[in-house]
Amino acid sequence: MSESLNSAPPSVMHIDLNSCFATIEQQARPRLRGRPVAVVNRQSENTMIVTASYEAKAMGVTLGMRLKEARKICPELIGVESDPPKYRYVYRELLRIMNSYSAHVRMKSIDEGVIDFSETTSKIRDMGLEAIGQEIKHRLRNEVGRAMRCNVGIATNRFLAKTAAGLNKPDGLDVLTSQNIRKIFSTLELTDLTGIAAQTEKRLNSVGIYSPLEFLDASEETLRKVVFKSVCGTQWHRRLRGWEVDKRDFPLKSAGRQYVLEEYKMPLDKVLQRLHNLCESVGEKVRSQGLVARGVRVHARSYQHRGSGWRGGYWHKSHMASVPFFSNQAIYGIARGILLEAPFPLKEIGVTCYELSEPDDSQLHLFGDEIFREKAITSAVDEINSRYGVRSIHSADTLNTGAVKQKIPFGSTRYL
Amino acid sequence: MDDNSRLNERVYVLATFGENLNICVPRRFKRASGREVEVSEVGLRHPTLKGRRMVHVFDVTDGGTDYRLEFDAERLTWHLTWEGDGE
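In the order they appear, the protein sequences are chains R and B.
Here this note's numbering is used: the first residue of the first sequence is 1, the next is one more, and so on.
Here this note's numbering is used: the first residue of the second sequence is 1, the next is one more, and so on.
Next up, the structure:
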């Protein structure tokens, strides 16, 4: 099965805020504009850079670099602590602007989203997608702030629209069609394509595919049977040709949080306090979606590098309960038992609840009264925290762990 | 934001109310010490919830120092909550 390029008029627009958090900080504090800025989650030299401004990127500063290392190559780098409420506001403003053009808007993360114009009104379509893209840029500057910039990509499917949005950063607007796809692909590397990282690149290289053009020319059979050995090959074949295969919503399967411990070789009691804090936060996430969980997974990074059943400093263990649970205490009870088996001393801890589902209240429980009481207390605490602010009520042993700061939610936009 | 520069100082604010981006613009404020600060630019205004209480946060500058002003929409009070020299 070989499909031709999709030659329909482009109807998908991808919008990506440029160096989102750093740009928002430069918007909020005019004196940071034009200067190298790095957004970090904590004001410490060992903290990792979450976002760098274009001025910092031009000096060689990259995401994930430690602030201390970045300052060696860019001494004038300004480290700014992240301020999630500000980023959530800009996210909501961008969403509001995008929603004014189509009912089919999907935010992919806090700083990027997709508008599908295929079912929009003729009045909007007649404006032309390029004109709409320019208008969105203009509105972002006028309605949020004049330092705000975004990249716009237009194509026939989500994948090519995202590829187009990455072509001319910052502040670009590009249209990728069946007419110019070969020319544009000839300027890209395989890893420039979203979804192609080092491992997939190796697999493609093993069958003689070294460039996006060769990837585009590969047959569906080669991709399905030899490279991906699954239906993913067929999907890539269609995706590269501009046919939509990514218009899907995924149900929430897990909710978690992690935390880098702020002290070297932190003692067990302090680690448990931070674990408790994380469990409260994860429990709140699960309940905010109206779900219950059945599994808890705890992971840790250890200062030890190898042990029985784990290596490379990374350790994890899970527990699946026989009945669903939802309260912070239930999550902490399980997570605590798991963490006690971890290879101390630890650098980082994380908790994830999985096997999420909607609560099934139809079944009668032997301990129905206790479950009812637990639900009532948990809802009352959630209600108080919602009215008076996060962590107005929390477990006593996390009193002095206020430092377990909520990081910026990069992936899912469910909690924004 | 550096914790060392965090404040909770009640301030007197002169603000104007207009349209679009300029719905509410703090123009000048007077600190507890009596010093007056002329706002040269509002960088970003964003609303945020403190519990169910709506607070409007204004990141402003006088050209030499950056400030954060918070307007409590329930209590109708202004507080200076942060100042920094842009470093």
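Backbone N, C-alpha and C define an ideal beta-carbon position, used for all residues, glycine too.
Predicted, not measured: the structure shown is a model, and the values here were computed from it.
From the DSSP output, which residues share a beta bridge with residue i?
{"i": "R/S109", "result": "R/E112"}
{"i": "B/E83", "result": "B/Y67"}
{"i": "R/D16", "result": "R/E112 and R/N151"}
{"i": "B/F17", "result": "B/C24"}
{"i": "R/Q258", "result": "R/G350"}
{"i": "R/S318", "result": "R/R297"}
{"i": "B/P47", "result": "B/H56"}
{"i": "R/L173", "result": "R/V152"}
{"i": "R/M48", "result": "R/R66"}
{"i": "B/K30", "result": "B/Y12 and B/E36"}
{"i": "B/T77", "result": "B/D72"}
{"i": "R/F325", "result": "R/A293"}
{"i": "R/V37", "result": "R/I78"}
{"i": "B/R6", "result": "B/W82"}
What does residue i touch in chain B if you count any residue whose Cβ is under 9 Å from its own?
{"i": "R/Y388", "result": "K50, G51, R52 and R53"}
{"i": "R/G34", "result": "Per Cβ cutoff of 9 Å: no residues; R/G34 is ~12 Å from chain B at best."}
Quick one: list the residues of chain B neighbouring residue i, beta-carbon separation under 7 Å, in chain order.
{"i": "R/P85", "result": "H46 and T48"}
Using a Cβ cut-off of 8 Å (strictly closer), state whether residue i contacts chain B.
{"i": "R/R29", "result": "yes"}
{"i": "R/Y423", "result": "Beyond the ends of chain R as shown, which are 1 and 416, falls residue 423 of chain R; an answer cannot be given."}
{"i": "R/G312", "result": "no"}
{"i": "R/G145", "result": "yes"}
Any beta carbon of chain R sitting closer than 8 Å to that of residue i?
{"i": "B/E41", "result": "yes"}
{"i": "B/D59", "result": "yes"}
Would residue i and residue j qualify as a contact pair, given that the criterion is a beta-carbon distance under 8 Å?
{"i": "R/L204", "j": "R/L190", "result": "yes"}
{"i": "B/F17", "j": "B/L69", "result": "no"}
{"i": "R/S281", "j": "R/R257", "result": "yes"}
{"i": "R/R248", "j": "R/N6", "result": "no"}
{"i": "R/L291", "j": "R/E358", "result": "yes"}
{"i": "R/K417", "j": "R/T194", "result": "One cannot answer for residue 417 of chain R here, as it falls past the ends of chain R, which runs 1 to 416."}
{"i": "R/S295", "j": "R/S327", "result": "A small fix is needed here, since residue 295 of chain R is Gly in this sequence, not Ser. Cβ distance not < 8 Å, so R/G295 and R/S327 don't count as in contact."}
{"i": "R/L77", "j": "R/V40", "result": "no"}
{"i": "R/A28", "j": "R/I49", "result": "no"}
{"i": "B/H46", "j": "B/A73", "result": "no"}
{"i": "R/V152", "j": "R/M13", "result": "yes"}
{"i": "R/T234", "j": "R/A8", "result": "no"}
{"i": "B/S5", "j": "B/G84", "result": "yes"}
{"i": "R/G113", "j": "R/L94", "result": "yes"}
{"i": "R/H276", "j": "R/T398", "result": "yes"}
{"i": "R/T23", "j": "R/R149", "result": "yes"}
{"i": "R/I136", "j": "R/C20", "result": "no"}
{"i": "R/A255", "j": "R/K285", "result": "yes"}
{"i": "R/I331", "j": "R/C353", "result": "yes"}
{"i": "R/D174", "j": "R/S11", "result": "no"}
{"i": "R/E55", "j": "R/H237", "result": "no"}
{"i": "R/H299", "j": "R/H316", "result": "yes"}
{"i": "R/K347", "j": "R/Y314", "result": "no"}
{"i": "R/G307", "j": "R/P343", "result": "yes"}
Query - Members of the region 62 to 78 of chain B that neighbour chain R once the beta carbon cut-off is set at 7 Å - result: D66
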